[in-house]
Each structure stands twice: as structure tokens, then as C-alpha cells.
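Chemist: The sequence shown begins at 1045 in the numbering used here and counts up by one. Here a beta-carbon is modelled for each residue, glycine too, at the ideal position from N, C-alpha and C.
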Amino acid sequence: MDINRVSCCSYPMRHQQPEHVFRALAEAGYKKVDLWGGLPHFDVNEPGYDFDAVLALSDKYGVRIGNIGSYCGAGFTSDDEAERESEVEKTVKVLDAAARCGARSVRSVLGRPESPDLLDRILPYYQRVAEHAEKVGVYMGVENHGGPCSGNPPLLREFFSRVGSKYTGVLYEPCNLMVAGVDYKDAFEVMKDHITHMHVKDCYPIDGKMRVVWLGTGIIDYRWVIAALEGIGYDGDYPIEYEVHDESPERGIGKWLDMWMKL
């Protein structure tokens, strides 16, 4: 695989300053980062956050921002219309920041709390921000966590069919799906028309519970995943998300990259 289509999630180093993260990724051989959408890594809606400084680090270390792991849409479930409108403005700022740095996509959420009963409330706001996403050429994707919406492939397919924009959809996460008890291959078939981004990690049943394990030692068939995604025309990144504690992220991310490149 082309190294320029592989990135690394900064979330495992979320307590480290951006320069530490960019340096660690460059030393491990990465050319892109999937930048966590929390401080100190990213939050353009937080006063005092210096995005220019982060972009300077990106240039300094030769590590581009491929995706921003933001939490856009969190306020769309609010009972307060003013808060929902404010969330639209915040989401637009994140999309504009992504476009500025050349990121292909941003992560979004289906409100907080996440509830199927609130999707009708969310829908018009997603449609509005989808228009801006298309305008600036940035995709949005809800990550397959284990929530009542994000972990429910048929519901996600129905919702994003209603949104009606190819610029909004699902961040396909095979490992998270399996941990939530959802078969990742079946989920792909359900959601394949709405996949905008993805994440890479592995899992295995231990003591009766599905747990995240060292990449390549679990049950996720990533050759199948790659073939399936490429088969639907996916042209985004494959971001490695190091979420084990065998070694520090600074050491582990390079080993996972080596393993991934040998697939």
C-alpha cells in the first residue's frame, strides 16, 4: 500500500503536546496524522487554540493532516435551538479548518446524548452542514462506536440516506463493531454506500469478551477490509489507531505501521 494512504491516530498520545506527536509520527515513518479533535491537538472553537502553530508543525515534520477526529454535531440533540444553531457554526469552523489544511475528512457524532429518538431533530442540521461540507470538499463520518446509533448499521444507513449527501456518512471501524457485538463484514454490506472514512485496529475474544489486541493477532481480516473498501471506490486513508498497552504509543505505532505495510 502507498504510504501516503496510511495515517496514524494521535488519540493514543492525547496527553502529549502537538510537537511531540508530530515528531513521534515522523520518526515512526508516517506521512499523515488522523488528528484527535481535543486539546491540545485540535479545537478551533476553543479560545486560545493556535491552529497556525499546529500547521507549522505539520510542515516542519512532513506529516500532513488527513482527518480531524472532531466531535462535530454534539450539540444537535440539544433542547435549546440556540445551542443547535451554535453547533452548526462550530461545525462549519471545523470543516473550514479541515479544508484549509487539506484534510479529506472530519469525524462527526450524532449528538450527545446519542439516541434514535432524536434523529429527526438532528436531521435538518446534518443536511445544512452537509451542504457546507460539499462546498469545501470535506467528508464527514460518524465513527462506529457501540452507541445506540453509531453501533447500529441499519439505522446509520437509513439516517444518511435521509441526509442525502455523499459528504456525510460513516467512519467504518471493524474493531469497534466487533467489540459491540456487530459482525464487521455484515456491517460493511449494510453501510457500504455511506462509508466516508475508516480506522484500523484489531480485536480477539478473551475471557468471553472481545478485546483490542496487537494488530495482526486478532480476528479482523484486513486484507478483506482493504479489498472491500477499494471495491466500492474508497480513496481515503487507512488510519492506524494504536490502542493497546503492550508498549508506549511512541514505540508501538512504528511496529504497527511495519505490520500494516506487509499486508
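Does the structure place the region 1148-1164 close enough to the region 1216-1226 that three or more beta carbon pairs sit under 8 Å?
Modeler: No: the two stretches stay apart, fewer than three of their Cβ pairs being nearer than 8 Å.
Chemist: Buried or exposed: which applies to T1261, given that a residue is buried once 16 or more other Cβ atoms fall within 10 Å of its Cβ?
Modeler: Exposed, because fewer than 16 other Cβ atoms sit within 10 Å of the Cβ of T1261.
Chemist: Here's the rule: buried if 16 or more other CB atoms are within 10 angstroms of the residue's CB, otherwise exposed. What is S1205?
Modeler: It counts as exposed.
Chemist: Between the region 1236-1247 and the region 1181-1193, do at least 3 Cβ pairs fall closer than 8 Å?
Modeler: Yes: at least three Cβ pairs fall under 8 Å.
Chemist: Taking the CB atoms as reference points, tell me whether S1209 and Q1171 lie closer together than 9 Å.
Modeler: Taking 9 Å as the Cβ cut-off, S1209 and Q1171 qualify as a contacting pair.
Chemist: So what's W1080 in DSSP terms, helix, strand or just coil?
Modeler: In this structure, W1080 counts as strand in the three-state DSSP scheme.
Chemist: So, with DSSP's three-state summary, where would you put V1180?
Modeler: V1180 falls in the helix class under three-state DSSP.
Chemist: Specify, as a first and last residue, the run of the alpha helix (DSSP H) that T1240 falls within.
Modeler: Premise fails: T1240 lies in the beta strand (DSSP E), I1239 to M1242, not in any alpha helix (DSSP H).
Chemist: Can you confirm whether the region 1263-1273 touches the region 1224-1240 when touching is taken to mean that 3 or more C-beta pairs between the two stretches lie within less than 8 Å?
Modeler: The region 1224-1240 is in contact with the region 1263-1273.
Chemist: Determine whether the beta carbon atoms of R1108 and G1073 lie at a separation below 9 Å.
Modeler: It is not a contact, given that the beta carbons lie outside the stated cut-off.
Chemist: Would DSSP call N1220 helix, strand or coil?
Modeler: If DSSP states are grouped into helix, strand and coil, N1220 belongs with the helices.
Chemist: So, at 7 Å on beta carbons, what are the nonlocal neighbours of A1143 in its own chain, with the 5 sequence-adjacent residues on each side left out?
Modeler: So the list reads V1180, G1181 and V1182, once near-sequence residues are dropped.
Chemist: Quickly, what does DSSP pair K1134 with across the bridge? List them, please.
Modeler: Paired residues: none, contrary to the question.
Chemist: Considering only C-alpha positions, which residue in the set P1091, G1106 and T1135 is nearest to A1070?
Modeler: Looking at the Cα atoms, G1106 is the closest of the given residues.
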